[in-house]
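**Q** Just dropping this structure here.
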Amino acid sequence: MSALMEWFGPVTVMQRAVIGIAAILLVLALLVGLTALLIGLRRALVAWLVLLVGGGGLLAFLPVSTDGLVSDPDPTSTYEAGVARFEAETADPPQLLNPLCEPKLHGHGERTDKVFVLVHGVSSCPQAYVDFAPILFERGHNVLVLRMPQNGYADRATDALRLMTAEQLAEFGDSAVDMATGLGEEVVFVGISAGGTIAGWVAQNRADVDRAVLLAPFFGLHGFGPDINRMLMRAMLLIPDVSIWKDPVARENAENVMPHAYKRQSTTATGQIMRLGYATWHQARETKAAASQIVVVTNEADTAVSNSTTDAVAETWQESGVPLVSYVFDASHGLGHELIDPMEPGADPDLTYPIILSLAETGRLPD
């Protein structure tokens, strides 16, 4: 069993999904066989076919509630108010934080022309921007590096992610923009992975955001298009939470996980992040995004998120007339998913930082 888990651990998200589907089919075959012993093979096949068709229809068409995922702005207007809001929002976290994961305000003591909001991905924390944030500060910007709800706790084996909801993420996005408006004349919201999903929601809902930069945003799982991802989202929202260890062998004792990251993921959190992305896409079909500009950066070598689903969301924004800039890192670079984090396997800041900095500061590629 240990040898099997050692083989299973390093495979991609898509390969894990295929293995999971194969396991489900095997269990289904066993259930059909057991049912056939009770009611006969033909009746068993008909009964399970009806159940499967009904279940597939449920996952394909079950309504997903997005009514609560609306913006409730309360922006600050002065530097002092922005700082006070930051201090109030980040005081007294629900649990002890990982020392690497404290939210940070890199402030110049007054409003700057631009303020940057930086949001990490799920199971990570503000440490992902440890090198990137100081560069922006040295360029004269105020910089907020914020901690996503349910992330960054000292217990890196925690199952806190199961408590995450799309409503929490939307409220967090609103709060981030509210404190940022007091810190700078222009607000630039940058998010990586699930942080990119929040950046997309912010872009759709907040007119006081001048530029939203989505880095490898998480609108769906790698290897699946929009339709299958919607079904996967519904499944993860319906079933009890499944905690997935990043190292299935070592589990809580894993040493091959970045020191600021959790050692496991959550299907509930994954479904809730996708729900926020689904709500954003639904809103984009109905209403033009509120932000002045949207920048979408993807990575062809990414094995975590669905670039095709991201492309579909970006196309919806573009068709509605939103000024949108897209950039794709070529697969030949072999970059990891977390394009910003210097500790991410496959990270190459010398390649990625100049491009991302230019897109974030100016909305254009470097000359």
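Counting from 1, position 2 in the sequence shown corresponds to residue 2 in UniProt numbering; the numbering is continuous, with no gaps. Virtual Cβ for every residue (Gly too), placed ideally from N, Cα, C. Being a predicted model, the structure only gives us computed values, none of them experimental.
For Gln265 versus Ser124, is the C-beta spacing smaller than 8 Å?
**A** Their beta carbons are not under 8 Å apart, which means Gln265 does not touch Ser124 by this criterion.
**Q** Report all residues from its chain with a CB closer than 6 Å to the CB of Pro323; omit the five preceding and five following residues, and keep chain order.
**A** Hits under 6 Å: Gln293.
**Q** Around the C-beta of Glu255, are 16 or more other C-beta atoms found within 10 angstroms, so that it is buried, or is it exposed?
**A** Per the 10 Å Cβ criterion, exposed.
**Q** Need the endpoints of the beta strand (DSSP E) that Thr78 sits in, please.
**A** Counting along the chain, Thr78 falls outside any beta strand (DSSP E), and DSSP gives it neither H nor E.
**Q** For the beta strand (DSSP E) holding Asn142, just list the boundary residues, first then last.
**A** From DSSP, the beta strand (DSSP E) with Asn142 extends over Asn142 to Leu146.
**Q** Could you give the DSSP three-state label for Arg111: helix, strand or coil?
**A** Of the three classes helix, strand and coil, the one that applies to Arg111 here is coil, per DSSP.
**Q** Based on the DSSP output, what are the partners of Phe116 in its beta bridges?
**A** For Phe116, which the question treats as bridged, DSSP gives the partners Val143 and Val188.
**Q** For the pair the segment 240 to 252 and the segment 152 to 169, tell me if three or more CB-CB distances fall below 8 Å.
**A** The segment 240 to 252, when compared against the segment 152 to 169, does touch it at the 8 Å Cβ threshold.
**Q** Can you list, in chain order, the stretches of the beta strand (DSSP E) that have 3 or more residues and sit fully within the segment 128 to 180?
**A** Listed in chain order, they are 142 to 146.
**Q** Mind checking Ser306: buried by the 16 CB within 10 Å criterion, or exposed?
**A** Flag for Ser306 reads buried.
**Q** Please go through the same chain and pick out, in chain order, the residues whose beta-carbon is closer than 7 Å to the beta-carbon of Val178, but skip the five residues on each side of it.
**A** For clarity, residue 178 is Asp in the given sequence; the question names Val instead. Contacts found: Pro73, Asp74, Pro75, Thr76 and Arg85.
**Q** Give every residue of the same chain whose Cβ lies closer than 6 Å to the Cβ of Gln150, excluding the five residues on either side of it in the sequence, and list them in chain order.
**A** Ala160, Leu161, Leu163 and Met164.
**Q** Report buried or exposed for Ala128, applying the criterion of at least 16 other Cβ atoms within 10 angstroms of its Cβ.
**A** Buried, because 16 or more other Cβ atoms sit within 10 Å of the Cβ of Ala128.
**Q** Given a cut-off of 8 Å on the beta-carbon distance, is the pair Phe218 and Gly196 in contact?
**A** Cβ distance < 8 Å, so Phe218 and Gly196 count as in contact.
**Q** Thinking C-alpha only, which one of Asp302, Met148 and His108 is nearest Arg139?
**A** Minimum Cα distance to Arg139 is reached at His108.
**Q** Taking the beta carbon of Ala166 as the centre, do at least 16 other beta carbons fall within 10 Å, making it buried, or is it exposed?
**A** Flag for Ala166 reads buried.
**Q** For His106, list the residues DSSP reports as bridge partners.
**A** Answer by DSSP bridge pairing, in chain order: Val143.
**Q** Nearest by alpha-carbon distance to Ala347: which of Phe132, Arg43 and Thr66 is it?
**A** Cα-wise, what sits closest to Ala347 is Phe132.
**Q** Please report how far the alpha carbon of Ser193 lies from the alpha carbon of Asp174, in whole angstroms.
**A** So the alpha carbons of these two residues sit roughly 18 Å apart.
**Q** Cβ of Ile198 within 8 Å of Cβ of Val130?
**A** Taking 8 Å as the Cβ cut-off, Ile198 and Val130 do not qualify as a contacting pair.
**Q** Determine which residues share a DSSP beta bridge with Ala312 and list them.
**A** Its beta-bridge partners do not exist; DSSP assigns none.
**Q** At the level of alpha carbons, what is the spacing between Ala250 and Pro93?
**A** Approximately 29 Å, taken between the alpha carbons.
**Q** Using only the alpha-carbon positions, how far apart do Pro345 and Leu335 sit?
**A** Taking the straight line joining both Cα atoms gives about 8 Å.
**Q** Which class does Ala347 belong to by DSSP, given the choice of helix, strand or coil?
**A** Three-state DSSP puts Ala347 in coil, outside helix and strand.
**Q** If we ignore side chains and look at the alpha-carbon of each, how far apart do Asn299 and Leu215 end up?
**A** The alpha-carbon atoms of Asn299 and Leu215 are separated by roughly 9 Å.
**Q** Identify which residue in Leu100, Leu96, Leu49 and Val64 has its Cα closest to the Cα of Ala261.
**A** Among Leu100, Leu96, Leu49 and Val64, the Cα nearest to that of Ala261 is on Leu100.
**Q** Give the straight-line distance between the Cα atoms of Ala207 and Glu186, rounded to the nearest whole angstrom.
**A** Each residue's alpha carbon lies about 11 Å from the other.
**Q** What does the alpha-carbon distance come out to for the pair Leu34 and Arg43?
**A** Taking the straight line joining both Cα atoms gives about 12 Å.
**Q** Can you tell me whether Glu138 sits near the ligand FAD, meaning its C-beta is under 7 Å from at least one heavy atom of the ligand?
**A** Among the ligands in the structure shown, none appear at all, so the ligand FAD cannot be discussed.
**Q** Could you pull out every residue in the same chain whose Cβ sits closer than 7 Å to the Cβ of Ile355, ignoring the five residues on either side in sequence?
**A** Result list for Ile355: Tyr327, Leu365 and Pro366, in chain order.
**Q** Does DSSP put Asn299 in a helix, in a strand, or in coil?
**A** The answer is strand: DSSP assigns Asn299 an E or B state.
**Q** Exposed or buried, Thr309, counting other C-beta atoms within 10 Å across all chains shown (16 or more means buried)?
**A** Its Cβ being crowded by 16 or more others within 10 Å, Thr309 is buried.
**Q** Confirm, please, whether the CB-CB distance from Ala290 to Trp317 is below 8 Å.
**A** Taking 8 Å as the Cβ cut-off, Trp317 and Ala290 do not qualify as a contacting pair.
**Q** Tell me the residue span of the alpha helix (DSSP H) that contains Ile198.
**A** Ile198 -> alpha helix (DSSP H) spans Ala194 to Asn205.
**Q** Can you look up Tyr327 in the DSSP assignment and give me helix, strand or coil?
**A** The answer is strand: DSSP assigns Tyr327 an E or B state.
**Q** Taking DSSP as the reference, what is the three-state secondary structure of Thr362?
**A** Helix, per DSSP.
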